[in-house]
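Trainee:
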Amino acid sequence: MSDAWTGPIVVTGTDAGVGKTIATAAIAVAAQAAGLRVAVVKPAQTGEPSDVDIVRLLAAPETVRNLAAYPEPLSPLTAARIADVEPLELYTVVDAVRAEVDKHDVVLIEGAGGLLVPMGLRPSGEAWTMADLAVSLGAPAVVVARAGRGTLNHIALTLEALARRAVSAGVVLGAWPAEPELVHWSNLTDLVDNLVGVLPDGAGAMEPGVFGRSAPGWLTPSLYGVLDDWRAWAEDIN
């Protein structure tokens, strides 16, 4: 995973609240620092706060788009039904992303919840997920996960689902604690072959200038960062 990823990149997670938005902002910052044109697309926002507003504040990418927004903090398909509005159609999202790919070097597509959360409907009436979107775009996936207990199973299930669809993937730990315990160190060791990033807990609360200067140090070169020694990084921030 040494070559930097370009084109569309799906940012998904093992669950809700794992740090997808902060990871998206960090990748956007690092790619822009490398001189690339970056767009961020959020297919569906559910509830508040708005993820695109957070990305805009922390990373200020060239383009930020939110394709649909629903008031209730539920899966996008359920939230659309409750709001009594048309759900997102898969190829509407595919076309919107491809339009940005034509104008940018990197297009980050941030999902909602985990990989297999229902995002909307296909023309056939079947639900589609971020895994389906990655397949349709031929895009790799960044899987954002928690750093602590239970994460290995969640990560393995998500990576297996992506591998069965021939989607390449890397893992970002979304919140490395200020005082890591044995479980955090052992997870770091177990995941080292799949890791493409480790974000410190509280990164989203940083002042944007500090966030921008720090983000490349949280990511590997595949995501335009400079991180190549996980233990030295973790010891340095603690």
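For the sequence shown, our numbering assigns the number -2 to the initial residue and increments by one for each residue that follows.
Glycine residues also receive a C-beta, built at the ideal position from the N, C-alpha and C atoms.
1) Under the DSSP definition of a beta bridge, which residues are partnered with residue 42?
2) Does residue 136 come out as helix, strand or coil in the three-state DSSP assignment?
3) Pick helix, strand or coil for residue 176, following the three-state DSSP scheme.
4) Does the distance from the C-beta atom of residue 20 to that of residue 169 stay below 8 Å?
5) Identify which residue in 9, 90, 66 has its Cα closest to the Cα of residue 81.
6) What's the gap between the Cα of residue 220 and the Cα of residue 210?
7) Is the beta carbon of residue 142 less than 8 Å from the beta carbon of residue 11?
8) Measure the alpha-carbon distance for residue 208 versus residue 121 and round it to whole angstroms.
9) In whole angstroms, give me the CA-to-CA distance for residue 53 and residue 61.
10) Between the stretch 170 to 178 and the stretch 191 to 205, do at least 3 Cβ pairs fall closer than 8 Å?
11) Look at residue 90 and residue 40 and say whether their C-beta atoms are less than 8 Å apart.
12) For residue 140 and residue 95, what's the separation of their Cα atoms in angstroms?
13) DSSP three-state label for residue 204, please.
14) Going by C-alpha to C-alpha distance, which of 214, 144, 206, 36 sits closest to residue 186?
15) Determine the extent of the alpha helix (DSSP H) in which residue 148 is found, giving its start and end residues.
16) Taking the alpha-carbon of residue 33 as reference, which of 118, 130, 180, 105 has the nearest alpha-carbon?
17) Return the CA-CA distance between residue 1 and residue 119, expressed in angstroms with no decimal places.
18) Out of curiosity, what's the CA-to-CA distance linking residue -2 and residue 151?
19) Report buried or exposed for residue 79, applying the criterion of at least 16 other Cβ atoms within 10 angstroms of its Cβ.
20) Under 8 Å, do residue 83 and residue 77 count as touching if we go by C-beta distance?
21) Between residue 17 and residue 108, how many whole angstroms is the CB-CB distance? I'm expecting something under 8 Å.
Mentor: If we stick to the structure as given:
1) On the sequence shown, position 45 is the one that residue 42 refers to. Bridge partners of residue 42: 66.
2) Reading the sequence shown from its first residue, position 139 is the one you call residue 136. Residue 136 falls in the coil class under three-state DSSP.
3) Working through the sequence shown from its first residue, we reach residue 176 at position 179. In the structure shown, residue 176 sits in coil (DSSP, three-state: anything other than H, G, I, E or B).
4) For the purposes of this step, residue 20 is taken as the residue at position 23 of the sequence shown. For the purposes of this step, residue 169 is taken as the residue at position 172 of the sequence shown. Contact: yes.
5) Start at 1 with the first residue of the sequence shown, and residue 81 comes out as number 84. Ranking 9, 90, 66 by Cα distance to residue 81 puts 66 first.
6) The residue labelled residue 220 in the question sits at position 223 within the sequence shown. The residue labelled residue 210 in the question sits at position 213 within the sequence shown. Answer to the nearest angstrom: the Cα atoms are 15 Å apart.
7) Counting from 1 along the sequence shown, the entry for residue 142 is found at position 145. Counting from 1 along the sequence shown, the entry for residue 11 is found at position 14. In this structure, residue 11 lies closer than 8 Å to residue 142 by Cβ.
8) If you number the sequence shown from 1, residue 208 lands on position 211. If you number the sequence shown from 1, residue 121 lands on position 124. So the two alpha carbons sit approximately 43 Å from each other.
9) As a working mapping, residue 53 is identified with position 56 in the sequence shown. As a working mapping, residue 61 is identified with position 64 in the sequence shown. The alpha-carbon atoms of residue 53 and residue 61 are separated by roughly 7 Å.
10) Touching, per the Cβ criterion.
11) For the purposes of this step, residue 90 is identified with residue 93 of the sequence shown, where counting begins at 1. For the purposes of this step, residue 40 is identified with residue 43 of the sequence shown, where counting begins at 1. Yes, they are a contact pair.
12) As a first step, residue 140 is located in the sequence shown; it is residue number 143 there, counting from the start. As a first step, residue 95 is located in the sequence shown; it is residue number 98 there, counting from the start. Taking the straight line from one Cα to the other gives about 21 Å.
13) To locate residue 204, count along the sequence shown from 1; it is residue 207. Correct three-state label for residue 204: coil.
14) Within the sequence shown, residue 186 is the residue found at index 189, counting from 1. Nearest C-alpha to residue 186: 144.
15) If you number the sequence shown from 1, residue 148 lands on position 151. Here the alpha helix (DSSP H) through residue 148 covers 148 to 161.
16) Locating residue 33 in the sequence shown gives position 36, counting from the first residue. With distances taken between Cα atoms, residue 33 lies closest to 105.
17) In the sequence shown, counting from the first residue as 1, residue 1 sits at position 4. In the sequence shown, counting from the first residue as 1, residue 119 sits at position 122. If you take the alpha carbons of residue 1 and residue 119, they lie about 32 Å apart.
18) As a first step, residue -2 is located in the sequence shown; it is residue number 1 there, counting from the start. As a first step, residue 151 is located in the sequence shown; it is residue number 154 there, counting from the start. Bear in mind that the predicted position of residue -2 carries a pLDDT of just 43, short of 50, making it unreliable; the figure below should be weighed with that in mind. Rounded to the nearest angstrom, the two C-alpha atoms are 21 Å apart.
19) Along the sequence shown, one-based indexing puts residue 79 at 82. With fewer than 16 other Cβ atoms within 10 Å, it is exposed.
20) Along the sequence shown, read from residue 1 onward, the residue named residue 83 stands at position 86. Along the sequence shown, read from residue 1 onward, the residue named residue 77 stands at position 80. Yes; because the gap between Cβ atoms is below 8 Å, this pair is in contact.
21) Here residue 17 refers to the residue found at position 20 of the sequence shown. Here residue 108 refers to the residue found at position 111 of the sequence shown. About 7 Å separates the two Cβ atoms, so the contact holds.
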